[in-house]
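Residues in the sequence shown are numbered from 1356 upward in steps of one, following my numbering. Where a beta carbon is used, it is the ideal one built from N, C-alpha and C, also for glycine.
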Amino acid sequence: MSNGPKKKLTQKLKKTLPVTGPQAPTLYELMQWYCLTTNTHGCRRIVVSKGRLRKWIWIVLTLIAVALIFWQCALLLMSYYSVSVSITANFQKLTFPAVTVCNMNPYKYSTIQQYVAGLETQTMQALKEIYGFSEPTSRRRREVEGPQEVPENEVNYLNRIKLFVVKSIKDNEIDAEEILTRRRSRMNARVVHRNTDTAAGNIVGYKLCNPNNNSDCTIFTFSSAINAIQEWYRLHYMDILAKIPMEEKIAMGYTPDDLLINCFFDGKPCDARNFTLFHHSLYGNCYTFNDAQQKDLLESSMGGAESGLKLVIYIDEDEYNPYLVTAAGAKILVHDQNDFPFIEESGTELETATETSIGMQLTESTKLSKPYSDCTIDGSDVPIENLYNKKYTYQICLYSCFQKQMVETCGCAHYDQPLPKGAKYCNNDEFSGWSKLGWVFFIYLFTQFCLYNL
């Protein structure tokens, strides 16, 4: 503030309230003047009220108000300088998630061998032809005598789905040599590369043709002959499994006592009674800990390995199928009790002779349905039947859609997915050429129909 306005204010105050001389106001007059001109409601009422009682009431009320103001200010100052912190911690028990464990070898080799003996003989024959395991003299003898004949009572797997070495590919024209007969030919067929690093001259694959149209063929190619033969073996392997009753397949698999050596949950021992059988099409007998079928679900209030689930798993490598499985170990998936365990896509592989720790953090996310989005709450408004008997998910919808279209088109269901009511699993004895339709139709469904029409 400049000196000019300050001087004017001082002169005005002196003129209004002279502090010296006979006109100087008394203390009573000053207080009365303050009470009449202040904005404080109580002070003005003290002056203008008539009667002592009213004045004293207003005096008391005003003093109480002033005291309260000072008290609150004191509390604020004390709270500010005390720097106190208030923390509220709530602990609650959460339902422990379901844990599904599978051996990477679906069935004991000693029990499944009787069904795949013929397939393995022809698989070894294909490996000999590709990698030349036999001596040159015997190879020359085979070239003269021709390929080994398959007994009449056995299926000729090498003739059902033929293996080729692809020499060159130009557009859809393929120059290929059949592995078994060494016949070289040119063919027009669609090519599906199952490996991204395939190069002409090193490609091995197999051909699938429409049984109703031999010119409609697809060749699946691989950069490794081992990968090609393993996939070829897997096709026939699933065809064989599709004809075996479920009870027999369960009996050929691992029991919980075979798979689990030790089990501890929250520091307490657990056993086979805490596990529920779940039969997977590719991994055989799997077992789910704390499954929804259990009467009382286990709960946990603390994290850490000691409060969680500890398992010691027996892999039994001596019973592994060398043509089907290239690595020994187990697969595990932690999931909600109401979710289907897609262990093939989402599972974690565990190595043998190692200790693996898996930690999880729960995050719940709920998406609103219409009009906020196109999401569905429980899938009841989706025109696709849920074949998995579990909570609706997008993945379940896709596979259910595929299986539905598979049954409508091929007349049979794919072995990888649950069986719809009234349908049978595809096999080459009852449904000739299903593998051609199945694999090519699988690619079409996921890229065209199910992905874009749902």
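| query | result |
| --- | --- |
| When you compare the CB positions of P1775 and Q1758, do they come within less than 8 Å of one another, or not? | yes |
| Answer with yes or no whether the minimum CB distance from P1624 to chain C is below 8 Å. | The structure shown has no chain C; it contains just one protein chain. |
| With T1455 and I1687 assumed to form a contact (beta carbons below 8 Å), what rounded beta-carbon distance in angstroms separates them? | 7 Å |
| Name the one or two DSSP bridge partners that P1600 has. | For P1600, which the question treats as bridged, DSSP gives no partner whatsoever. |
| Name the two residues that bound the continuous alpha helix (DSSP H) containing C1756. | 1749-1765 |
| What residue range is occupied by the uninterrupted alpha helix (DSSP H) comprising K1483? | 1464-1486 |
| Would you report the Cα separation of E1661 and F1619, rounded to the nearest angstrom? | 9 Å |
| Can we say the segment 1609-1629 touches the segment 1656-1676, given the rule of at least three CB pairs closer than 8 Å? | yes |
| Taking only the alpha-carbon atoms, compute the straight-line gap between E1533 and Q1480 and give it to the nearest angstrom. | 13 Å |
| Look up E1710 in the DSSP assignment and say whether it is helix, strand or coil. | coil |
| Does V1440 come out as helix, strand or coil in the three-state DSSP assignment? | coil |
| What residues in its chain sit with their C-beta under 7 Å from that of G1766, if we drop five residues either side in the sequence? | F1786 |
| Select from T1681, P1696, C1756, G1622 the residue whose C-alpha is nearest the C-alpha of H1305. | Here the chain comprises residues numbered 1356 to 1809, so residue 1305 is not present and cannot be evaluated. |
| Could you name the residues that DSSP lists as bridge partners for S1578? | S1578 pairs with nothing; no bridge assigned. |
| Quick check: A1453 and H1690, are their CB atoms within less than 8 Å of each other? | yes |
| If I measure Cβ to Cβ from C1390 and keep anything under 7 Å in the same chain, skipping five residues before and after, which residues do I get? | C1398, R1399, I1401, V1402 |
| Which residue wins for smallest C-alpha separation from V1546, given the options P1773, S1434, D1671, T1573? | T1573 |
| Helix, strand or coil for V1510? Go by DSSP, reduced to three states. | coil |
| Pick helix, strand or coil for F1633, following the three-state DSSP scheme. | strand |
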